[in-house]
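The listed protein sequences derive, respectively, from chains A and B. Numbering-wise, the working numbering comes out as the position in the first sequence, counting from 1, plus 4. Numbering-wise, the working numbering comes out as the position in the second sequence, counting from 1, plus 554. For each residue, glycine too, the CB sits at the ideal point set by N, CA and C. Report on one structure; see the data block that follows.
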Amino acid sequence: MLAHLPILQVILPLMAAPSCLLIRKSTLVWLFTLAVSFAALVVSVLLLQQVYAVGPIRYQLGGWDAPWGIEYRIDLLNAWVLFIVTALSTVVLTTAHTSIQRELEANRQTVFYTLYLLCFAGLLGIVATGDAFNVFVFLEISSLSTYALIALGKDRRALWAAYQYLIMGTIGATFILIGIGFLYMMTGTLNMADLAGRIPSLSESTTVLAAFAFIFVGICLKLALFPLHLWLPNAYSCAPSIVTAFLAATATKVALYLLLRFTFTVFGVDFSLSHLPLDILLISLGLVGVFAASTVAIYQTNIKRMFAFSSVAQVGYMVVGIGIGTVTALQATLLHLFNHALMKGGLFLALAGLVYQLGGCRIEHFRGLGRSMPWTMAAIVVGGLSLIGMPLTVGFVSKWYLISAAIEQQFWGVAVLVLLGSLLAVAYIWKLVEAAYFQAPADDTRAEAPLGILLPAWLLIAANIYFGIDTRLPVEVTAAASQFLLGDAAQ
Amino acid sequence: MLLTSHYNYWVVIALMMIGLYMVIAQGNLVKKIIGLNIFQTSVFIFYISVGKVDGGHAPILTEGESLYSNPLPHVLILTAIVVGIATTALALALTIRIKRAYGSIEERDIQAAEELQERASSQMYARTPARKEQ
């Protein structure tokens, strides 16, 4: 049983997804989905423990040896990302039943859980697999279900957002497919570890360069790195609240994992960061993304959309870490991956509570909310502080690592710009605080969000504070993971 | 020489550019989907071309043959074709629902409707508190 953990991680939700259609009752499906997600969480914790204790796990699908068969290879990096995805998914799912009751028609509720599990399985598959083509297949499984999940939104704009995302996402995935084709052409293998061994001798080849360019652009589209982020704000703001929370906490993280996996493991640090001027490209795109997206966020009146733009900005910080490319910087990226999942998960769940009570989350809905929904509003404020990077929250930890990495490398400008970027976050969080605490409520009939949403939201917000004070677990794992990533490349 | 011996790759490039251009330039949602399909098809042809080995036979074990074309890219692309069909089906389904919701499948009309809706909702919210204060 323990030997099969890597495949169980993926196959469990994949098999559970169609089973959902057999269970008709909405509550039962919810409990079933929650159980599956929790089982996946247990598997990922076991994997993480095992990898931390003994090192990378290799699993051959169907007993076919790599590089002929498909290999699942779990090292610290993907074990960490698997843990983040499953943990966040489980917390988000606990609220699903309450939130979905309000936001979806009864006949669509069971379908929702099927799509959710498919998307979940796809994301886990991308992270677990060690085969480049397998990545594409799982990417499409998760993307197709994401398009459908977004289209479930109540407003007709959700359809248009889903369509736009479908076009952009398909172009991105096809780019990745082209890149993998080029790699196969040059190396004759699809196994990532095998590719990593063969690419260094081919690093002068223009075909390998083209492969890298296609894969890089494709992943950046999925990652919503500025300026390829245009699909994200619409998709996040129109999707049902639960979907937004799930996607914000997991989907971009998985895309970032792919970027790390391809730049560091498959192509290698020497190729990506030294041979190509990718470091400058990533740092500048990341910083421009931080400023552009944060500035746009300030002017948004739809708060879901505002936080969506803020997500684009946060992706910018993570990418800056990859661009700097030292152990500390990578650690900052991996920490922010976890921390951002906690922040955005908590914030979007709090917004889900808001939508549940008020039917929307425009800035006008926030008037006087400090009095009528104190707990929800407090969650949003604490989450916002974490987003800004206040000490004692997780946001501070990752920004601290990022800035010290920049200073270590004497990139003073980068350090200053990261700090200034955080100030922009103050501006848009303040907008909410002002509306909620300094303006009179439009009516007094509002009540607090239901506990089914409020408790999970607070669980994530509390995690923001807990891991901001007791940083041992994330710091230890990410330090080992980033050393592993860079050490892997040095061999 | 390069032009004639590798003509299939030129076809791939041509189709890819045509497809991508259609996706970007066309305002009609169905035409965008057609463009996306052409774009994906070019990648299919690319993969199939990659599998060809000069002088190689069809990859079926036969007496007296030692050189075979590589069947793996063909198998891979079968998967990608299935994915492509699923994408097209989903895109068309979305288009039908967009047509029902907006009454049009022209990008321009949909964007105009969006802006109108956005302006209407922000005006509605702008008026509500004013009434309260009176």
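Going by beta carbons, residue 270(A) and residue 200(A) fall inside the 9 Å limit.
Taking C-alpha positions only, residue 371(A) is separated from residue 443(A) by approximately 5 Å. A check of alpha carbon separations from residue 12(A) across 151(A), 465(A), 78(A) and 159(A) identifies 78(A) as the nearest. Not a single C-beta of chain B is nearer than 9 Å to the C-beta of residue 375(A). In the displayed model, residue 64(A) falls within a strand according to three-state DSSP. Here the alpha carbon of residue 440(A) sits roughly 5 Å from the alpha carbon of residue 373(A).
The continuous alpha helix (DSSP H) containing residue 438(A) extends over residues 416 to 442. The secondary-structure analysis by DSSP pairs residue 660(B) across a beta bridge with 582(B). Taking the Cα positions, residue 142(A) is about 47 Å away from residue 445(A). The beta-carbon of residue 334(A) is placed no less than 9 Å from the nearest beta-carbon of chain B. Contact check for residue 652(B) and residue 164(A): beta-carbon distance about 6 Å, within the 8 Å limit, so the pair qualifies. Counting C-beta pairs with one atom in each stretch, the segment 319 to 330 of chain A and the segment 377 to 392 of chain A have fewer than three that are closer than 8 Å, which means they do not touch. Secondary structure remark: continuous beta strand (DSSP E) runs of at least 3 residues inside the segment 41 to 107 of chain A, in chain order: 61 to 64 and 75 to 78.
The residue from 80(A), 81(A), 43(A) and 217(A) with its alpha-carbon nearest to that of residue 280(A) is 217(A). For residue 664(B), a Cβ of chain A is located within less than 9 Å of the residue's own Cβ. Note: residue 624(B) is not bridge-paired with any residue in the DSSP secondary-structure output. Between residue 239(A) and residue 166(A), the gap from beta carbon to beta carbon is short of 9 Å. Judged by DSSP secondary structure, residue 256(A) falls within the alpha helix (DSSP H) whose first and last residues are 245 to 264. DSSP, read as helix, strand or coil, puts residue 133(A) in strand. The C-beta of residue 120(A) comes no closer than 9 Å to any C-beta of chain B. When beta bridges are read from the DSSP output, residue 195(A) appears opposite 135(A).
Between the alpha carbons of residue 579(B) and residue 120(A) lies a gap of roughly 33 Å. If you draw a straight line from the Cα of residue 152(A) to the Cα of residue 246(A), it comes to about 14 Å.
Closer than 8 Å at the C-beta level to chain B, one finds these residues of the segment 132 to 166 of chain A: 137, 140, 141, 144, 148, 151, 152, 155, 160, 161, 163, 164 and 166. Within the segment 189 to 207 of chain A, 189 place their CB atoms closer than 7 Å to a CB of chain B, listed in sequence order. Taking every protein chain shown into account, the CB of residue 615(B) has fewer than 16 other CB atoms within 10 angstroms, so this residue is exposed.
According to the DSSP assignment, residue 279(A) belongs to no alpha helix (DSSP H), since it is labelled neither H nor E.
By DSSP's assignment, residue 306(A) forms a beta bridge with 366(A). In the DSSP assignment, residue 208(A) falls outside any alpha helix (DSSP H), carrying neither H nor E. Here residue 611(B) is bridged, per DSSP, to 622(B). Within the segment 312 to 363 of chain A, the runs of alpha helix (DSSP H) that reach at least 4 residues and sit entirely inside it are, in chain order, 331 to 362. Note on geometry: alpha-carbon atoms of residue 187(A) and residue 132(A) lie some 20 Å from one another. Here the alpha carbons of residue 37(A) and residue 44(A) stand approximately 11 Å from one another.
When secondary structure is reduced to three states using DSSP, residue 37(A) falls in the helix class. Taking 9 Å as the cut-off, the Cβ atoms of residue 659(B) and residue 577(B) do not count as close. According to the DSSP assignment, residue 19(A) belongs to the alpha helix (DSSP H) that extends over 9 to 23.
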